[in-house]
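Chains A and B, in that order, are what the protein sequence lines are.
Counting from 341, one number per residue, gives the positions in the first sequence under the working numbering.
Counting from 2, one number per residue, gives the positions in the second sequence under the working numbering.
Backbone N, C-alpha and C fix where the C-beta goes; we use that ideal spot for every residue, glycine too.
Note that this is a predicted model, so its numbers are computed, not measured.
All remarks here apply to the structure that follows.
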Amino acid sequence: MGNIIQLAWLVPLFPLIGFLINGLGRRSLSKGAISFIGSGAILASFIVSIMIVLQVKSPGFTASQGVLKMFDFISVDKLIIPFAFQIDQLSSLFLLIITGVGFLIHVYSTSYMHDEESEHFGRYFAYLNLFVFSMLLLVMGGNFVIMFIGWEGVGLCSYLLIGFWFKNSDYNDAAKKAFVMNRIGDFGFLLAVFWIIAKVGSVDFSTVFAAAQSLSKTDITIITLLLFVGAAGKSAQIPLYTWLPDAMAGPTPVSALIHAATMVTAGIYMIARSNILYSLAPITQTVVAVTGLVTAVFAATIALQQNDIKKVLAYSTVSQLGYMFLGLGVGAYTGAVFHVMTHAFFKALLFLGAGSVIHAMHSEQDIRNMGGLKKQMPVTHITFLLGCLAIAGVPPFSGFFSKDEILAGAFSVNPVYYYIGVAGALMTAFYMFRLYAMTFTGTFRGTHEQEHHLHESPVAITFPLIVLAVLAAIAGFAGLPEVFVENGHALEHFLAPIFAESAKLKHANHLDHTTEITLMVSVTVLILITIIYAWIRFSRYRKTEADTKGLARVLENKWYVDEIYNAAIVRPLNAFSGLLNRVVEKVLIDGLVNGVGKSIQYGSRQLRLLQSGQVGSYILLMVLSILAFFALVFFTKK
Amino acid sequence: MIPVLLLIIPLLTGLLLFAVKNEKSAKNLALLSSIATLTVSLLGVTYMKNAGYLDYDMEWMPALGSRFHVRLDGMGQILCLLTAISFPLIFVATYYNRYKNAASFYALMLLSQAGLMGVFIAVDALLFYFFWELALIPVYFLCSIWGGEKRIAATFKFFIYTFAGSLLMLLGLIYLYFKANQSFSLEAFYAIQFKPGQDTAIFWMLFLAFAIKMPIFPFHTWQPDTYEQSPTAVTMVLSGIMVKMGVFGLLRWVVPVVPFSSWQLGDRITIFALIGLIYASLVAIKQDDLKRLVAYSSIAHIGLMCAAIFATDKSATQGVMLQMFNHGINIIGLWIVVDVIEQQFKTRKISELGGVAQKAPALAILLVIIAFANIGLPLTNAFIGEFMMFNGIFTSKATAFNVVFTIVALVGIILSAVYTLNMIKKVFYGNTSELTSAGHDISFNVKLALSIIVVLIIVLGVFPKPMLSVTNQLSDAILGRMYLKN
């Protein structure tokens, strides 16, 4: 097929063109045309991506073949930043996920957003294409600056899409929050970039990673920590996670896009890309692992008590991202990327399933008002159940393999990580099946009006669900653990060149097979027990008017983190700005400026009085001055 | 000849306009003149490619040691281009605004343009001073005659401030004149051999003059008042181009002339510049008047440029030169939006607006792009400039506090997102208010002006290289002088 990698720029180009056509033509194009262009652009990218992956997989491929220089972007003095792409195992895998899942989300959107006015329908697809474009730029970037372009680009697109229904002021707040929190992370990313430029003199991945060994321990620790700040912002880790649950304000397919195929996986991608830097910075690795672990468990506790179907899924994303960071932190890079992949499938599936439910329920999102939907929505039900099984980590569904790999990696570094991680996994199983049971089993608790209109969604919605459900079910087989099948981990072999340098640094600390199997089996049993418990308990759920109390109430209110941030940061900053504006600016500085002006005016007015034209006063002044002069001379004589 | 044409076209048309009676022909003549200037300026770009720089030298006042010496070099080129592009944009965007005595209004605008061009090409200090005043004096009249309610007080403050600055500058230049064997030429100034410490006083005199113009905290309070009270077309000139006179002045007449003090006092000035950056950003969050919001945003951006100048670094210096252009274009875009809103809804109060996006979707889209350029999003022009300035501040060898300075400067990018998105949300999103419910979308001329700006934003954000190569040589020369004396 020739060298398709030389044409890799086509991958981001299609969505860019789609964005331009739909953006500019949103008033004149029909909805059909908009859908076709929007989805078609991503499909075209997907096809090219498949060809790229095949090429990368072929035996003759070397890393240097994958570098594509388009033109010099910024060049100043010795620093040359090319607009370059880097195609290799890692980026091509992400290309596949982004365009593949992205395409399904586009198809789904054609039906889900159909009630929008034509103009907004066009705007929606333009934004969606731009989102995919930014994410592609992010993963294809051949240096930190091009990556940063995509990095901020997805921030912009999430802002635009979260605030898509811009008449609603709360949605705008959520959009603004997402962008500002991301900017806080970007602050870290940019600082890291400058640090790298100062120390290495280049931002090209190949140059920077080759120079990593020669950097001082302090430098590399600072650089990796700063990059991690960026990752924490984009991938919603403590303390910068609160934007993600609020990002639910956007249309549901957008949530799927943000949570599964794009945006939040950026942080994971960046660290996996920079794995050699992290492997050389053990302190940072600990920070990453602990942050990930704490986020995983913390978010899981919140998800236990949420009643909004999308909120539960949102916190589960935060939690799952925590696991991925745990994987990165313990050096299980393949495991983290594996989990990105499986998570992309099952989380997109769950969000799109939730969208299907919300659609059928006429915008109802509270699961306390649902129940028993499995009769009316068989396809949504079965696919959603598969998604739940996958995320809960039930073998042989995909989440089991990827989560297990991360947890096994954690165990080999520190068993405490493992036990805490397992606790989180049990919570995951619990809240997911609470969600499932309250939505699909038991009796319907909504209004008669809603019940009357309940229906299965059209094929544009169920088709993506089915494809994703199949993937969520079987994707785990891409990474079978060694215990089961020797050399069964196809993904690990595929990604091996990316993590080769880090692998050399890693102390071989493999679990013996009996321990691994024992752990695996016991966790699986615990998860199954949790699932059955949640299923039985919440199938019989009845609506109560009673308020939650105690810890449940704290969890329902998400540990009051938003309130704490407001009280500790937002309000003081606001008050401080107000103080500067009212007091410092108006009274102090301007007061001083006007004071100088006024005193000059006043002074000249007084001086003018001296020239009164009366000879007597002149003489008096003269005498007084002479006296003063003599007095001065007299006293200062010595 | 091109540098001289850049001066003469606006000057002559400006003078001619005083004689025109008809409003419409005055307007069209002004527009035509500005387009002619732009054409010449673009020609200059192509000519300069071959020559490096364009020079024109003529006997002027030999008794005073001053010559009519103008030169279009890299930085001058960028700023002349900015001036040349801005005026047609301003005239087009405000084409339907009505002024009493329109002919005089446009005449003064063009005279100011001539002055600005002169400032950016003069390489003789007296000539520079002459043009500096030529640029400013028409603005005093424009503000005090066509301004808002409190225009007299605002213009007075503006006048006193700038006048004090001009005097300091004149004193400084005269002092240099004597040091340079009674010559006003830039080369002669460069040749002065100061002993360490000797140039401190001269540094402060010149720096203060330019600091007021930029403005640098705490000399900034004239700016929001003046911007608020001036007719918006004048505000565009003031903030789009005229503040660049200060930045430009530092790079041409201060840093290379008194490099020792610039190097030595750089830290202190950077601290003020960065305090100003954070301070102005925080104050901007609290503004309810759109014009004041943009004014404080501009103060914050200028603070970064000032800090970058004193980083004494190639990346920072080139970043500043590029950013002068970008900031000018972007802020004119913001002013156009403000003007459209004010003309349509008769208010600039953010709290009284809302939901404009529903009524004017085209305006909203164009504004969002310009606003994101204002906060330095990648692939917009401002990102390139800011990236280079941050990078320069970080790698600066002129200070031991480079890391701290960079961190503080970077906080600015978070705050700028806060106030800009606040503004977008309150003015454009949400539900319409009483005032905005009868709104309509923008007219063709505004759409044209904003679209040109948006195209410039994106093109320069993706292909900044041509703009960068223009300033390469000059920034080497400036920095060469700074390292020379240390």
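When the five nearest sequence neighbours on each side are left out, the beta carbons in the same chain lying within less than 7 Å of the beta carbon of alanine 37 of chain B are those of Ile10, in order along the chain. Close to aspartate 930 of chain A, with beta-carbon spacing below 8 Å, are these residues of chain B in chain order: Thr222. Between isoleucine 707 of chain A and isoleucine 649 of chain A, the CB-CB gap stays under 7 Å.
Residue ranges of uninterrupted alpha helix (DSSP H) with 4 or more members, entirely inside the stretch 124–159 of chain B and ordered along the chain, are 126–147. DSSP places proline 422 of chain A within a strand segment (E or B) once states are collapsed to three. By the neighbour-count definition (other C-beta atoms within 10 Å, threshold 16), tyrosine 430 of chain B is a buried residue. Residues are counted here when their Cβ sits less than 9 Å from a Cβ of chain B; for the stretch 538–554 of chain A these are Ala538, given in chain order. Every alpha helix (DSSP H) of 4 residues or more that sits fully in the stretch 240–287 of chain B is shown, in chain order, as 244–250, 260–286.
Looking only at A:Met453, A:Asp412, A:Val634, the smallest Cα-Cα distance to phenylalanine 665 of chain A is reached by A:Val634. In this chain, the alpha helix (DSSP H) harbouring aspartate 526 of chain A covers 509–540. One alpha carbon belongs to threonine 657 of chain A, the other to alanine 684 of chain A, and they sit about 10 Å apart. Of all residues in the stretch 403–417 of chain A, the ones placed with a Cβ closer than 7 Å to any Cβ belonging to chain B are Asp412, Ile414, Ser415, Val416, Asp417, in chain order. Here leucine 555 of chain A has Lys539, Val540, Ile563, Leu620 as same chain residues with Cβ atoms under 8 Å from its own Cβ, once five neighbours each way along the sequence are excluded. Per DSSP, the beta-bridge partners of methionine 59 of chain B are B:Phe69. Rounded to whole angstroms, the gap between the alpha carbons of isoleucine 175 of chain B and glycine 119 of chain B is 19 Å.
With contacts defined by Cβ atoms closer than 7 Å, alanine 309 of chain B and valine 321 of chain B form a contacting pair. Under the 8 Å Cβ criterion, the stretch 385–397 of chain B does not count as touching the stretch 338–350 of chain B, having fewer than three qualifying pairs.
In the DSSP assignment, phenylalanine 916 of chain A falls within the alpha helix (DSSP H) that extends over 911–919. Per DSSP, the continuous beta strand (DSSP E) segment holding isoleucine 414 of chain A begins and ends at 407–416.
Among the residues of the stretch 889–921 of chain A, those with a Cβ less than 8 Å away from any Cβ of chain B are Leu913, Asn914, Phe916, Ser917, Gly918, Leu920, Asn921, in the order of the chain. Considering only beta carbons, no part of the stretch 347–377 of chain A lies closer than 8 Å to chain B. Here serine 186 of chain B is bridged, per DSSP, to B:Asp125. At least one C-beta of chain A is nearer than 7 Å to the C-beta of lysine 426 of chain B. Interface annotation, asparagine 432 of chain B: in contact with chain A, CB-CB separation under 7 Å. In the displayed model, lysine 889 of chain A falls within coil according to three-state DSSP, outside both helix and strand. Taking 7 Å as the cut-off, the Cβ atoms of tyrosine 48 of chain B and arginine 72 of chain B do not count as close.
Using a Cβ-Cβ cut-off of 7 Å, lysine 287 of chain B counts as an interface residue toward chain A, since at least one Cβ of chain A sits closer than that to its own. A direct Cα-Cα distance of roughly 33 Å separates asparagine 512 of chain A from proline 465 of chain B.
Contact with chain B is found for lysine 516 of chain A, since one of that chain's Cβ atoms lies less than 7 Å from the residue's Cβ.
Cβ contact annotation for arginine 523 of chain A (same chain, cutoff 6 Å, sequence separation greater than five): none.
A distance below 6 Å between beta-carbons, with the five flanking residues on each side excluded, links leucine 478 of chain A to the following residues of its chain, in chain order: Met487, Gly490, Trp491, Ala606. Between alanine 813 of chain A and alanine 688 of chain A, the C-beta spacing is not below 7 Å. For leucine 39 of chain B, same chain residues with a beta-carbon under 7 Å away, outside a window of 5 residues either side, are Ala85, Ile86, Pro89 in chain order. The beta-carbon of phenylalanine 445 of chain B is placed no less than 7 Å from the nearest beta-carbon of chain A. Any Cβ of chain A closer than 7 Å to the Cβ of lysine 347 of chain B would place that residue at the interface, and such an atom is absent. Counting other Cβ atoms within 10 Å of its Cβ, proline 379 of chain B reaches 16 or more and is therefore classed as buried.
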